[in-house]
Amino acid sequence: MNEHNWQNQKDAKVYIIGSGIAGLASAVYLEKDAGIAGENIHILEKDSIAGGATDGAGDPERGYVVRGGRMHEMHYECYWELLSYIPSLEDPNVSVRDESYEFNQRFVSNGQARLLKQGKKLDVSSYGLSFEQQMDFIKLTYVSENSLGDKRIEDWFDQSFFDTTFWFIWSSMFAFQKWSSLAEMRRYMKRFMHLVDGLPRLGGVMRTKYNQYDSVVRPMKTYLEAKGIKFEMGKEVVDIDFDLSADKKTATLLHFKDNTQIVLGENDFVFFTNGSITESTDNGSWDAPAKLKGLEESGSWMLWKKIAKKDPSFGNPSPFCDNIDLQKWYSFTATMKDSTFLDYMENFSGNVDGTGGLVTMTDSNWLMSIVIARQPHFPNQPDDVKIFWGYGLYPDRKGNYINKTMAECTGAEMLEELYYHLNIQELMKPVTNARKVNCIPVAMPFVDSLFMPRNVGDRPDVIPKGATNFAFLGQFAEAPKDCVFTVEYSVRTAQMAVYGLFDTVMEVHPMYESTHNPKYLLEALKAISR
Numbered sequence: 008m009n010e011h012n013w014q015n016q017k018d019a020k021v022y023i024i025g026s027g028i029a030g031l032a033s034a035v036y037l038e039k040d041a042g043i044a045g046e047n048i049h050i051l052e053k054d055s056i057a058g059g060a061t062d063g064a065g066d067p068e069r070g071y072v073v074r075g076g077r078m079h080e081m082h083y084e085c086y087w088e089l090l091s092y093i094p095s096l097e098d099p100n101v102s103v104r105d106e107s108y109e110f111n112q113r114f115v116s117n118g119q120a121r122l123l124k125q126g127k128k129l130d131v132s133s134y135g136l137s138f139e140q141q142m143d144f145i146k147l148t149y150v151s152e153n154s155l156g157d158k159r160i161e162d163w164f165d166q167s168f169f170d171t172t173f174w175f176i177w178s179s180m181f182a183f184q185k186w187s188s189l190a191e192m193r194r195y196m197k198r199f200m201h202l203v204d205g206l207p208r209l210g211g212v213m214r215t216k217y218n219q220y221d222s223v224v225r226p227m228k229t230y231l232e233a234k235g236i237k238f239e240m241g242k243e244v245v246d247i248d249f250d251l252s253a254d255k256k257t258a259t260l261l262h263f264k265d266n267t268q269i270v271l272g273e274n275d276f277v278f279f280t281n282g283s284i285t286e287s288t289d290n291g292s293w294d295a296p297a298k299l300k301g302l303e304e305s306g307s308w309m310l311w312k313k314i315a316k317k318d319p320s321f322g323n324p325s326p327f328c329d330n331i332d333l334q335k336w337y338s339f340t341a342t343m344k345d346s347t348f349l350d351y352m353e354n355f356s357g358n359v360d361g362t363g364g365l366v367t368m369t370d371s372n373w374l375m376s377i378v379i380a381r382q383p384h385f386p387n388q389p390d391d392v393k394i395f396w397g398y399g400l401y402p403d404r405k406g407n408y409i410n411k412t413m414a415e416c417t418g419a420e421m422l423e424e425l426y427y428h429l430n431i432q433e434l435m436k437p438v439t440n441a442r443k444v445n446c447i448p449v450a451m452p453f454v455d456s457l458f459m460p461r462n463v464g465d466r467p468d469v470i471p472k473g474a475t476n477f478a479f480l481g482q483f484a485e486a487p488k489d490c491v492f493t494v495e496y497s498v499r500t501a502q503m504a505v506y507g508l509f510d511t512v513m514e515v516h517p518m519y520e521s522t523h524n525p526k527y528l529l530e531a532l533k534a535i536s537r
């Protein structure tokens with residue numbers, strides 16, 4: 008229950024900075040549960056498109072781009088409940104949740120080519136963990152998070168752990184690196200204990216019908232606009248003023264890049280998505296590499312850095328954004344007016360599109376993985392156009408075939424490297440020569456920033472102690488126990504913000520804890536000892 012007990016809560020005005028999934032979810036809850044008039048809710052977005060990291064864009068002529076994919080699973084309690092209120096764009100009588108559930112009943116993840124070496128499938132029936140590594144694994148779930156501080160995964164496990172089947176599956180699926188936060192890995196192990204048994208087959212992994220922009224963001228935006236919520240695109244907030252006293256903290260003024268300002272009255276609120284994993288991304292092309300940008304070009308990081316100096320409870324962005332070389336990776340999206348590649352992968356893997364998920368080349372210097380989603384992956388994608396997505400975790404290493412780092416590669420070169428690993432260079436030559444393919448590389452400087460080693464307090468509380476009219480949202484606000492790099496985490500912070508600042512009868516959904524279920528514990532123990 009919130010201490011303000013606003014008499015005029017319904018007349019409150021809320022400014023949401025950032026239109027990612029956390030911002031959109033906040034707007035839904037503000038209107039639906041806190042009863043705030045839609046026209047009093049403003050979503051301020053510096054880009055021209057909503058959705059933050061849940062993206063997908065393009066057309067068959069210029070090529071499609073999916074910067075990354077978000078894995079979903081059944082126990083995203085906040086996320087699926089949110090989507091149960093949002094009508095699907097294809098059938099308004101069906102919610103996005105039910106559309107997704109129905110889709111996942113038809114296309115069940117059962118990857119049969121999860122790891123490859125020299126273009127051949129590897130046996131993943133055993134995780135390959137030594138008895139000591141299994142013990143380290145179990146020990147990690149029982150120590151307290153606070154005792155881990157900013158330790159890295161490599162501080163806990165021995166070096167040979169990083170050559171195991173388990174690590175190849177784990178790191179490529181969640182984008183963990185050796186130097187990622189041990190505390191975050193521990194959260195993942197606890198949170199997704201029920202998936203450990205099925206990970207080699209991607210069992211339990213769910214997806215949306217199309218890319219996440221078309222399946223989730225567009226329906227949410229349509230729903231919110233119908234409720235009168237205002238989207239103000241191209242509006243970049245560059246500073247926030249606060250009135251800070253011993254026991255109270257109040258946001259008083261928003262400064263915009265165009266030198267305009269909004270003075271916050273006593274009934275005005277600010278929700279700020281601090282930090283962003285897709286900030287400063289750059290697209291290359293078939294014949295040009297993507298450029299690596301940095302902090303200077305990033306709105307949300309610069310804004311968080313500015314306000315973090317004003318009060319220690321506003322968090323510490325530095326661990327998350329000051330080491331771009333440890334946080335970046337590159338992805339690529341191929342658009343093909345030809346089915347040769349998908350036909351080959353279907354025959355080779357035994358998976359029809361949409362059932363295989365991640366395929367990782369373990370002998371790739373870049374640790375390259377690809378995902379073939381169910382086609383069409385975009386509502387405007389013609390039947391004869393096929394797309395797939397891929398990424399490399401180590402973009403500063405030279406390729407095994409292309410004598411360049413992944414970062415220096417054009418879209419054409421990234422595909423050439425992939426074909427080499429799959430032993431299909433000859434098969435794909437005619438497709439390339441006829442230019443029936445396009446491939447767009449993307450540089451993402453901050454994409455792994457949420458896994459960087461951090462200390463308690465580096466992520467601010469959603470509602471810092473004493474905050475009267477503002478909240479932090481998204482992947483870099485603290486939602487205890489839950490896992491960053493998930494849509495669930497973003498939606499959970501939105502619930503915490505709205506239900507914490509406003510009088511509603513709603514409670515934040517409890518987190519599903521599979522470690523409390525002996526069945527899953529036993530299955531996981533069996534799995535890691537296989």
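In the numbering used here, the protein residues as written are 8 to 537.
Even for Gly, the Cβ is constructed at its ideal location relative to N, Cα and C.
No experiment lies behind these values; they were computed from the predicted model shown.
Would you kindly check if the distance between the Cβ of residue 426 and the Cβ of residue 407 is under 9 angstroms? Within the sequence shown, numbered from 1, the residue matching residue 407 stands at position 400. Within the sequence shown, numbered from 1, the residue matching residue 426 stands at position 419. Their beta carbons are not under 9 angstroms apart, which means residue 407 does not touch residue 426 by this criterion.
Among 357, 46 and 308, which residue has its Cα nearest to the Cα of residue 127? As a position in the sequence shown, residue 127 is number 120, starting the count at 1. Of the candidates 357, 46 and 308, the one whose C-alpha sits nearest the C-alpha of residue 127 is 357.
Extent of the continuous alpha helix (DSSP H) run through residue 500: By one-based count along the sequence shown, residue 500 stands at place 493. Where residue 500 is concerned, the enclosing alpha helix (DSSP H) stretches over 494 to 508.
Let me check understanding here. Comparing Cα to Cα, which of 111, 344 and 64 lies closest to residue 55? Taking the first residue of the sequence shown as position 1, residue 55 is located at position 48. Ranking the options by Cα distance to residue 55, first place goes to 64.
For residue 140 and residue 198, the rounded distance between their alpha carbons: Taking the sequence shown and counting its residues from 1, one reaches residue 198 at position 191. Taking the sequence shown and counting its residues from 1, one reaches residue 140 at position 133. Those two C-alpha atoms are separated by around 20 angstroms.
My assumption, with CB atoms under 8 angstroms, is that residue 190 sits in contact with residue 231. Please give the rounded CB distance. Looking up residue 190 in the sequence shown gives position 183. Looking up residue 231 in the sequence shown gives position 224. 34 angstroms between Cβ atoms; not a contact.
Environment of residue 523 [buried if 16+ CB atoms lie within 10 Å]: Here residue 523 refers to the residue found at position 516 of the sequence shown. Looking at its Cβ environment, which holds fewer than 16 other Cβ atoms inside 10 Å, residue 523 is exposed.
Starting from residue 261, follow the beta strand (DSSP E) in both directions and report where the run begins and ends. On the sequence shown, position 254 is the one that residue 261 refers to. Its beta strand (DSSP E) spans residues 256 to 263.
Specify, as a first and last residue, the run of the alpha helix (DSSP H) that residue 143 falls within. On the sequence shown, position 136 is the one that residue 143 refers to. Note, residue 143: alpha helix (DSSP H), 138 to 149.
Would you mind reading off the limits of the beta strand (DSSP E) that contains residue 247? On the sequence shown, residue 247 is found 240 positions in, with the first residue counted as 1. Start and end: 244 to 251.
So, is residue 256 buried or exposed, given that buried needs 16 or more other C-beta atoms within 10 angstroms? Numbered from its first residue, the sequence shown carries residue 256 at position 249. Classification for residue 256: buried.
Does DSSP put residue 134 in a helix, a strand or coil? The residue given as residue 134 occupies position 127 in the sequence shown. Looking at residue 134 - three-state DSSP - the assignment turns out to be coil, as it is neither helix nor strand.
Go ahead and pull the three-state DSSP assignment for residue 172. Translated into positions along the sequence shown, residue 172 becomes position 165. Reduced to three states, the DSSP call for residue 172 is helix.
Go ahead and pull the three-state DSSP assignment for residue 526. By one-based count along the sequence shown, residue 526 stands at place 519. Three-state result, residue 526: helix.
Taking the continuous beta strand (DSSP E) assigned at residue 64, which residues delimit it? Position 57 of the sequence shown, counted from the first residue, corresponds to residue 64. Per DSSP, residue 64 belongs to the beta strand (DSSP E) from 64 to 66.
Residues sharing a beta bridge with residue 208, DSSP: Translated into positions along the sequence shown, residue 208 becomes position 201. None; residue 208 has no bridge partner.
When 109, 261 and 176 are compared against residue 375, the one with the closest alpha-carbon: Taking the sequence shown and counting its residues from 1, one reaches residue 375 at position 368. Residue 375 has its Cα closest to that of 176, out of 109, 261 and 176.
Out of curiosity, what's the CA-to-CA distance linking residue 340 and residue 83? Here the question's residue 340 lines up with position 333 in the sequence shown. Here the question's residue 83 lines up with position 76 in the sequence shown. The alpha-carbon atoms of residue 340 and residue 83 are separated by roughly 27 angstroms.
Quick check: the stretch 392 to 405 against the stretch 272 to 290, are at least 3 beta-carbon pairs closer than 8 angstroms? no
Would a C-beta distance cut-off of 9 angstroms place residue 203 and residue 93 closer than the cut-off? The residue given as residue 203 occupies position 196 in the sequence shown. The residue given as residue 93 occupies position 86 in the sequence shown. No; because the gap between Cβ atoms is not below 9 angstroms, this pair is not in contact.
Taking only runs that begin and end inside the stretch 290 to 345, name each unbroken alpha helix (DSSP H) of 4 or more residues, in chain order. 306 to 315, 325 to 328 and 331 to 334
Count the other CB atoms within 10 Å of the CB of residue 42; is the residue buried (16 or more) or exposed (fewer)? Position 35 of the sequence shown holds residue 42. Per the 10 Å Cβ criterion, exposed.
Along the chain, where does the beta strand (DSSP E) that runs through residue 185 open and close? By one-based count along the sequence shown, residue 185 stands at place 178. Residue 185 -> no beta strand (DSSP E), and no H or E assigned at all.
Determine the direct distance from the alpha carbon of residue 510 to that of residue 12, and round the result to whole angstroms. Reading the sequence shown from its first residue, position 5 is the one you call residue 12. Reading the sequence shown from its first residue, position 503 is the one you call residue 510. With a pLDDT of only 49 at residue 12, under 50, the local geometry of the prediction cannot be trusted, and the value read off the model is given with reservation. Going from the Cα of residue 12 to the Cα of residue 510 covers about 7 angstroms.
Compute the distance between the beta-carbons of residue 29 and residue 280, then report whether it is under 9 angstroms. Here residue 29 refers to the residue found at position 22 when the sequence shown is read from its first residue. Here residue 280 refers to the residue found at position 273 when the sequence shown is read from its first residue. Cβ atoms of residue 29 and residue 280: closer than 9 angstroms.
Only counting runs of 4 or more residues, tell me where the alpha helix (DSSP H) segments fall wholly within the stretch 48 to 89, in order along the chain. none
Residue 468 - partner residues in DSSP beta bridges: Numbered from 1 along the sequence shown, position 461 holds the residue referred to as residue 468. Answer is 485, bridged to residue 468.
Which residue comes first and which comes last in the alpha helix (DSSP H) that contains residue 28? Along the sequence shown, read from residue 1 onward, the residue named residue 28 stands at position 21. Counting along the chain, the alpha helix (DSSP H) containing residue 28 begins and ends at 28 to 39.
Close Cβ partners of residue 264 (< 6 angstroms) along its chain, the five nearest in sequence each way excluded: Here residue 264 corresponds to residue number 257 of the sequence shown, with the count starting at 1. The residues are 243 and 245.
Can you name the start and end residues of the beta strand (DSSP E) that residue 451 belongs to? Residue numbering aside, residue 451 sits at position 444 when the sequence shown is read from its first letter. Residue 451 -> beta strand (DSSP E) spans 444 to 451.
Supposed close pair residue 527, residue 200 - CB separation, criterion 8 angstroms: Position 520 of the sequence shown, counted from the first residue, corresponds to residue 527. Position 193 of the sequence shown, counted from the first residue, corresponds to residue 200. Residue 527 to residue 200, Cβ: 5 angstroms. Contact.
Boundaries (first-last residue) of the beta strand (DSSP E) holding residue 355: One-based indexing of the sequence shown puts residue 355 at position 348. No beta strand (DSSP E) contains residue 355, which is instead part of the alpha helix (DSSP H) from 347 to 356.
For residue 486 and residue 299, which I take to be in contact (beta-carbon distance under 8 angstroms), what is that distance rounded to the nearest angstrom? The count along the sequence shown starts at 1 and reaches residue 486 at position 479. The count along the sequence shown starts at 1 and reaches residue 299 at position 292. That belief does not hold up - the Cβ atoms of residue 486 and residue 299 are roughly 30 angstroms apart, past 8 angstroms.
Close beta carbons around residue 326, own chain, < 6 angstroms, minus the five adjacent residues each side: For the purposes of this step, residue 326 is identified with residue 319 of the sequence shown, where counting begins at 1. The residues are 459, 461 and 465.
Test item: CB-CB of residue 365 and residue 180 under 9 angstroms: Counting from 1 along the sequence shown, the entry for residue 365 is found at position 358. Counting from 1 along the sequence shown, the entry for residue 180 is found at position 173. Their beta carbons are under 9 angstroms apart, which means residue 365 touches residue 180 by this criterion.
Count Cβ pairs between the stretch 203 to 212 and the stretch 110 to 130 that sit closer than 8 angstroms; are there 3 or more? yes
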